[in-house]
Amino acid sequence: MRLSPVLRAGALVATLALAVTACGGKSQQAAGGSDSLVDRAKADNKLTVGIKFDQPGLGLKTGDGYTGFDVDVAKYIAKKLGVDEKNIVFKQAPSAQREDLIAQGDVDLVIATYTINDKRKQKVSFAGPYFVAGQDLLVKTENTDITGPETLNGKKLCSVTGSTSAQNIQTKFANKVALQQYGGYSECVTGLLNGAIDALSTDDIILQGYANADANKGKLKVVGKPFSNEPYGIGLKKGDTKTQQALDGYIQEMEKDGSWSAALKKNFGDSYKVPAEPPITEK
Amino acid sequence: MDFLSNYDLLGAFWVTVQLTFWSAIGALIWGVVLAGMRVSPVWLMRAFATAYVNVVRNTPLTLLVVAASLGLYQTLGVSLTTDTTTASIDITNFRLSVLAFILYTGTFVSEAVRSGINTVPVGQAEASRALGLGFMQTLTIVVLPQALRSVVAPLASVLIALTKNTTIASAIGVAEAAVLMKTMLENEGQAGSLVFVVFALGFVVLTLPVGLILGWLSQKVAVKR
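Chains as they are written, first to last, in my numbering: chain D, 1 to 283; chain X, 1001 to 1225.
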C-alpha cells in the first residue's frame, strides 16, 4: 500500500502516541503494585526520593553524586527500609512540583525542605518533622547593624520569587523593607557579596548551607534570630499510614543513635550548633 | 477554585500589560533605527547593526534580564530612578526589565522591518534620489512608510512573543503574572494544574485579540502591488 506523505506522518504520530501511552501505563502499574511503601520498597529493593538539586548543605547535585542533610536522611531511611544505598534513585523535586510528584507516583518520598502545612496535607501525607527550621537572615560577616528582624527598617532584602519566605517579608515588613526577588538563591548571594543587597532571608538551615559553602566561607554569617517556624517533613503518598508510622520511628532512631546530629555537623560544619530534636507531630 | 479570589490576578496581569506596552513602543523605535542602520550608506553603522542584531538575537532573554539586574544595577549602580523609598527596588526592576525587553525585541523588529524594506521596489529609492532627496529623507518619507505597511503581520507575531516573554521579568522579581503564578503554586500546590490553566487562559485573553486586530489591520494597510 502506498501512503501519501501526510498519511505517513500521521501514522508515525499515531505509533509514537501508542508507544508513549504504553510506557505510561507500565510505570503506573508498577507504582500501584502494592499499597504500602514499606512492603514495596523491601520487596523491590528500590526507593525513589525527590530532593532539591540546588541547595548546598541540604540537597545538592555534585557531578554524579548527591550531598546534603536531606540526602543523608534519605539514605538512613532507605537503609531502615531494607533498600541498598546504590538502589536509591534521586529525582529533582522543585518546590512547585512536590505534591504532584508524590500524587502521580513519580517519587516514593519527598525529602526536600518540605514544610508541613494543612493545605499540602490535602494532597499528601507527611512523616516527621525531622527538622524544624525558621526564617532567618544571612548577612556579610562584617555587618553589625542587622541583628534581627527588628533592625531591618529601610534595608534591602532578597529572597526567591514567590517563596513562602518572600511572602512573609511582604506581609510582616510591608513598606519597611525593600524586597528584591530573584529566581534562585544564588543571585541573592551574588547581590549580598557585592553589597547591593543587605540581607538574604529564608529558612535558617538553607542559609547555613550558603554560609558554609566553600566559595563563601568566612564572608557570610547567619544572624540567628529566626522569626517563623518551618517544620520539615517527609512527604509520602496520602493515606499510607503504615509507611508514615514506620518513617516516624526511623526518624526517632536516627535522632537517638547520633546519626542525626552527625549528619547536621557533616553538612553545616563543626561550628554549627545542633538544635534540639523536634518532637514528631505527624502520626 | 475559591482560593483564586485571595489573589490579585488582575493586578498581576495589569503589570504584564504595562511591561508589554512600554517594551513594545521602545522595541518598535529601536528596531526601526536598527533597520535603518542596516541599509545605511555608512559601513560602520551597517557593521554595528549587523553585529548587534546577531549577538543580541541569539542571547537567551533570561540572561539579558538577569544581567540588567546583576550587572547594570548591582555592579554599575544604574538604577534608572531617583526614588529613595523602599519602592525604589520595584521601580528599578520594572525599568531594567523593560530595557532588556527593548534591547532584545528590537532585533526581531529590525529583521521584520528590513524584510519590509526589501519589498519596496528599488525604483522607489532611485526615483527619490533623482528628486534630490538625501538618505534620511528617502528612508523616512519614501521607503519606511511602504515597508512598515507590509510588515504588520510579522510585527504582530513579535508583539505576541513579547507579551509572553514578559514572564521572564519574574527572574528579577517584577510583580507580573509569572510571579503571582509562582506564589500561587507555592501556596496552593494541591491545585497546581488549575493555576496553570488560569494563567494560560489569561495570556490567551491578552494575545488572541492582538493577533486578530493586527491581522485585520495588515490586510487593510497592505500596499497592493
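We put the CB at the ideal spot given by N, CA and C, even for glycine.
Within the same chain, Cβ atoms closer than 8 Å to the Cβ of TYR1052 (chain X) are found at LEU1034, THR1107, the five residues on either side in sequence being excluded. Membership of SER201 (chain D) in the beta strand (DSSP E) is indicated by the continuous run 199–203. In this structure, the beta-carbon distance from SER1218 (chain X) to ALA1153 (chain X) falls below 8 Å.
Counting along the chain, the unbroken beta strand (DSSP E) around ILE234 (chain D) starts and ends at 230–237. Any Cβ of chain X closer than 8 Å to the Cβ of VAL107 (chain D) would place that residue at the interface, and such an atom is absent.
The three-state secondary structure of TYR182 (chain D), taken from DSSP, is strand. For the segment 1008–1041 of chain X, the beta-carbon criterion of a distance under 7 Å to any beta-carbon of chain D is satisfied by none of its residues. If you draw a straight line from the Cα of PRO1060 (chain X) to the Cα of TYR1104 (chain X), it comes to about 9 Å.
With a cut-off of 8 Å on Cβ pairs, the segment 206–223 of chain D is in contact with the segment 141–153 of chain D, counting three or more such pairs.
At least one CB of chain D lies nearer than 8 Å to the CB of ALA1171 (chain X).
When DSSP states are grouped into helix, strand and coil, ASP136 (chain D) belongs to the strand group. Annotated three-state conformation of GLY68 (chain D) is coil, per DSSP. Contact note: GLN167 (chain D) reaches chain X through THR1183, using a C-beta cutoff of 7 Å and chain order. Three or more Cβ pairs closer than 8 Å define a contact, and the segment 84–102 of chain D meets that threshold against the segment 49–61 of chain D. Proximity to THR1119 (chain X) across X:VAL1098, X:VAL1142, X:ALA1087, X:THR1084 peaks at X:VAL1142, based on C-alpha coordinates.
Here GLY218 (chain D) is near THR141 (chain D), since their CB atoms are less than 8 Å apart.
Nearest in C-alpha terms to GLU230 (chain D), of all of D:LYS172, D:ASN175, D:ASN168, D:GLN181, is D:ASN168.
Non-local C-beta neighbours of ALA41 (chain D) in its own chain, meaning closer than 6 Å and more than five positions away in sequence, comprise LEU47, LEU81, VAL83, ordered along the chain. Contact check for VAL1113 (chain X) against ALA1156 (chain X) fails: the beta carbons are separated by 8 Å or more.
For ILE88 (chain D), the uninterrupted beta strand (DSSP E) segment begins and ends at 88–92. VAL1198 (chain X) does not reach chain D, its nearest Cβ partner there being about 14 Å away, counting only Cβ pairs nearer than 9 Å. Listed along chain X are THR1085, THR1086, ALA1087, each with a C-beta nearer than 9 Å to that of ASN175 (chain D). As far as DSSP is concerned, LYS1182 (chain X) takes part in no beta bridge. Between VAL1098 (chain X) and chain D, the shortest Cβ-Cβ separation is not below 8 Å. Under the Cβ criterion of 8 Å, ASN229 (chain D) is not counted among the residues facing chain X. With respect to the C-alpha of GLN180 (chain D), the residue from D:LEU157, D:SER165, D:SER201 having the closest C-alpha is D:LEU157.
Within chain X, the residues placing a beta-carbon under 7 Å from that of THR161 (chain D) are SER1170, GLY1173, VAL1179, LYS1182, ordered along the chain.
Per DSSP, GLY1192 (chain X) is one residue of the alpha helix (DSSP H) stretching across 1192–1221. Taking 8 Å as the upper bound for CB-CB distance, LEU37 (chain D) and LYS238 (chain D) are not in contact here, some 12 Å apart. Taken in chain order, the members of the segment 1055–1082 of chain X whose beta-carbon sits within less than 9 Å of a beta-carbon on chain D are THR1062, VAL1066, SER1069, LEU1070, TYR1073, GLN1074, THR1075, GLY1077.
LEU192 (chain D) and ILE1168 (chain X) have their alpha carbons spaced roughly 22 Å apart. The alpha-carbon separation between TYR130 (chain D) and PRO278 (chain D) amounts to approximately 7 Å. Taking the CA atoms as reference points, LYS1224 (chain X) sits about 17 Å from SER1115 (chain X). For LYS156 (chain D), the enclosing beta strand (DSSP E) begins and ends at 156–160. Annotation: the continuous alpha helix (DSSP H) that includes ILE1029 (chain X) extends over 1009–1038. Under a criterion of Cβ atoms nearer than 8 Å, the residues of chain X adjacent to LYS156 (chain D) are, in order, ILE1089.
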